[in-house]
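Per the working numbering, residue 176 is the first one in the sequence shown, and the count goes up by one each step.
Think of the CB as a built atom: it goes at the ideal place given N, C-alpha and C, for glycine as much as any other residue.
The structure presented is a predicted model; accordingly, all values stated were derived computationally and were not measured.
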Amino acid sequence: MEYIFEEVKITERNSPKFILEGEEIDIWSEEYINYHSKSVSEYIRDKLIEFEKKGIDPFAEIVGKEIEKDMVKTALMSGSNILFKGKKGYGKTTFSKTISKLLPEKILAIKGCRIHDDPTQPTCFSCKKKLLEEEEVELTFIPKKWIRVAGDPMMTTRQLIGGISLQKIKEGYDLDHPEVFTPGRVLKAHRGIAYFDELGSIPSSLQTLLHELLEEKQITTPEGDIIPMKIDTLVIASTNPANYRGVSDIKEPLLDRMEQIDIGPPETLEEEIAIGLKNMAIRKDIIPEWHLKILAGAVRCMRSRNCRYSARIEVEPSCRATIKAFDHVAASALRNGREAVMFADYGKDYSNVKLALKSRFEVDYEDEVSKDDVIVGVVNDSIDTICGEIYSEIPRNIFGGLMEELSEMGEIDVYAENGLKSYRNLWTFLSSICRKSSEVNSAFEITLEAIARCTGLVERVSDGVYVYTAYDR
Ligand SMILES: [Zn+2]
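Shown next, in the form of structure tokens:
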């Protein structure tokens with residue numbers, strides 16, 4: 176019992192022999208000194224300073240968000256916990272995962288300890304006893320820890336904190352017995368990062384326990400005993416503003432221990448596209464720029480006040496909608512043996528885009544305007560916008576010649592067309608908008624669509640087939 180309330184500190188003077196992989200080691204030697212005794216925030220702070228010196232951005236995989244990145248760095252330097260607030264799908268989890276990059280790859284821990292205690296400052300009873308009573312203590316290297324704690328209203332104390340009982344020790348149970356001590360999720364994050372996904376969803380009684388553990392470094396057992404628990408963990412939490420109606424679901428004392436950083440949608444179309452491409456599940460090199468802009472633009476439109484459906488959209492689509500829209504049109508192109516996405520890959524009535532978007536937004540009064548109507552509407556508007564851009568890119572000095580060439584072609588099937596090189600004006604323009612030769616047919620299609628939408632001089636008759644209307648007349 177005597178060790179339980181005591182703070183145990185091991186120095187070179189009272190140290191047992193430490194054994195690592197069968198060999199005695201001097202943990203205070205230069206070889207091992209960096210693998211123990213430091214706190215999580217000290218490790219993070221040292222790494223941040225090292226990165227800053229070398230000009231390395233630890234959060235390079237996060238697109239944009241420069242101000243937010245800077246706030247995260249400042250908070251971490253100050254040893255603060257962080258609360259990311261924002262709607263789902265804007266990278267709160269990614270952000271928290273990249274923070275774990277600042278932890279050392281491995282650290283020394285007492286072998287067999289269920290919370291991976293530090294050899295010089297143990298937290299659990301059994302390690303305290305071991306270090307003070309035994310001549311030899313075995314150590315092991317453990318990899319960095321990033322423990323996710325999913326916010327669950329049904330979560331129990333045992334799941335979050337763990338089971339701890341002094342009563343069982345009094346009854347004669349061994350300190351290592353699971354009835355005496357079984358760590359929950361937060362204790363498992365000792366010496367690592369605890370990521371609370373939806374912190375507000377954790378029952379408020381548990382939030383109180385959590386606060387007690389993190390701030391006062393102690394636990395009140397179900398039997399009413401107060402036990403010191405010097406848990407060292409960096410808490411990163413996320414919360415969704417949808418849970419924020421009126422009163423916050425996160426208890427004030429806990430909220431007061433965290434720095435809030437808002438994570439919103441990507442600021443620009445370019446960032447949206449970059450995030451989409453980065454996270455695609457399949458080949459990302461087969462979507463020409465115009466289709467990237469149309470799809471990402473459609474998703475962004477649904478988040479904007481300028482969208483003609485904005486009054487109806489209750490829940491906006493996140494970046495995942497963009498990512499999946501990219502995936503589905505690319506999947507269709509691959510299935511059809513194409514090297515570049517065409518309008519046909521949007522599916523009949525944009526079914527492939529619907530597949531990506533429909534589960535990712537909500538409208539109110541769906542009987543008045545269906546989700547399908549909204550998707551078709553925003554995609555069409557986005558095609559209009561991008562076609563306007565493409566049309567305005569056609570140099571005026573070749574426009575006349577280009578139209579003449581189209582009139583010579585008569586009925587045009589963009590899939591069948593392969594002698595495009597002989598049409599000098601057209602070819603000049605197509606080459607200027609393509610990144611590579613496999614995109615020529617897709618470029619031809621968007622150019623015809625742009626001329627059709629902006630002038631009516633050509634008309635789309637079916638998928639990939641256009642006619643020069645002035646020629647018909
Ligand atoms: Zn331990």
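Where A284 is concerned, the enclosing beta strand (DSSP E) starts and stops at 281-285.
Between the alpha carbons of T644 and V238 lies a distance of about 45 angstroms. Along the length of the segment 556-627, whole alpha helix (DSSP H) runs at least 4 residues long occupy 571-584, 599-608, reported in chain order. For the pair of segments examined, the segment 488-499 was found to touch the segment 258-268: the number of CB pairs separated by less than 8 angstroms reaches three.
Under DSSP, no beta-bridge partner is assigned to G359. Looking only at P297, I219, E227, the smallest Cα-Cα distance to F180 is reached by P297. Residue pairing by DSSP places A325 opposite D372 in a beta bridge.
Take the alpha-carbon of D548 and the one of P570: they are about 35 angstroms apart. For the options A515, M477, P440, the alpha carbon positioned closest to that of L467 is the one of A515. Taking 8 angstroms as the cut-off, the Cβ atoms of L350 and K304 count as close.
At least one heavy atom of ligand 1 lies less than 7 angstroms from the C-beta of T298. Our two residues, K272 and F226, have alpha carbons roughly 17 angstroms apart in a direct line.
For E541, there is no enclosing alpha helix (DSSP H), as DSSP marks it with neither H nor E. If only complete runs of 4 or more residues are kept, the segment 490-555 shows the alpha helix (DSSP H) at 494-510, 526-532, in order along the chain. Counting only the Cα atoms, R635 lies some 10 angstroms from D588.
For P403, the enclosing beta strand (DSSP E) begins and ends at 401-403. Apart from the 5 residues on each side of it in sequence, G631 sits with its Cβ closer than 8 angstroms to the Cβ of T644 in its chain, given in chain order. Judged by DSSP secondary structure, M455 falls outside any beta strand (DSSP E); it is assigned neither H nor E. V474 carries a helical assignment under DSSP once its states are collapsed to helix, strand and coil.
If you look at Y641, you'll find it in the beta strand (DSSP E) that goes 640-643. For A473, same chain residues with a beta-carbon under 6 angstroms away, outside a window of 5 residues either side, are V553, V554, S557 in chain order. Bounds of any beta strand (DSSP E) do not take in D293, whose DSSP letter is neither H nor E. For S413, the uninterrupted beta strand (DSSP E) segment begins and ends at 408-414. Cβ neighbours of S613 within its own chain (closer than 6 angstroms, five residues either side excluded): E514, A515. Here the segment 430-443 does not lie against the segment 522-531, with fewer than 3 beta-carbon pairs under 8 angstroms apart. For P318, the uninterrupted beta strand (DSSP E) segment begins and ends at 311-318. The three-state secondary structure of K213, taken from DSSP, is coil.
Excluding the 5 residues flanking it on each side, P318 has same chain C-beta neighbours closer than 6 angstroms at K281, in chain order.
Around the CB of M578, 16 or more other CB atoms lie within 10 Å, so the residue is classed as buried.
Counting along the chain, the unbroken alpha helix (DSSP H) around K272 starts and ends at 267-274.
Here the distance from the Cβ of I282 to the nearest heavy atom of ligand 1 is not below 7 angstroms.
Look at D245 here: in three-state DSSP terms it is helix. In the three-state DSSP reduction, T395 falls in the strand class (E or B). Less than 8 angstroms divides the Cβ of K222 from the Cβ of L277. Beta-bridge partners of N256 (DSSP): M433. Excluding five sequence positions before and after E442, the CB atoms of its chain that fall closer than 7 angstroms to its own CB belong to G239, given in chain order.
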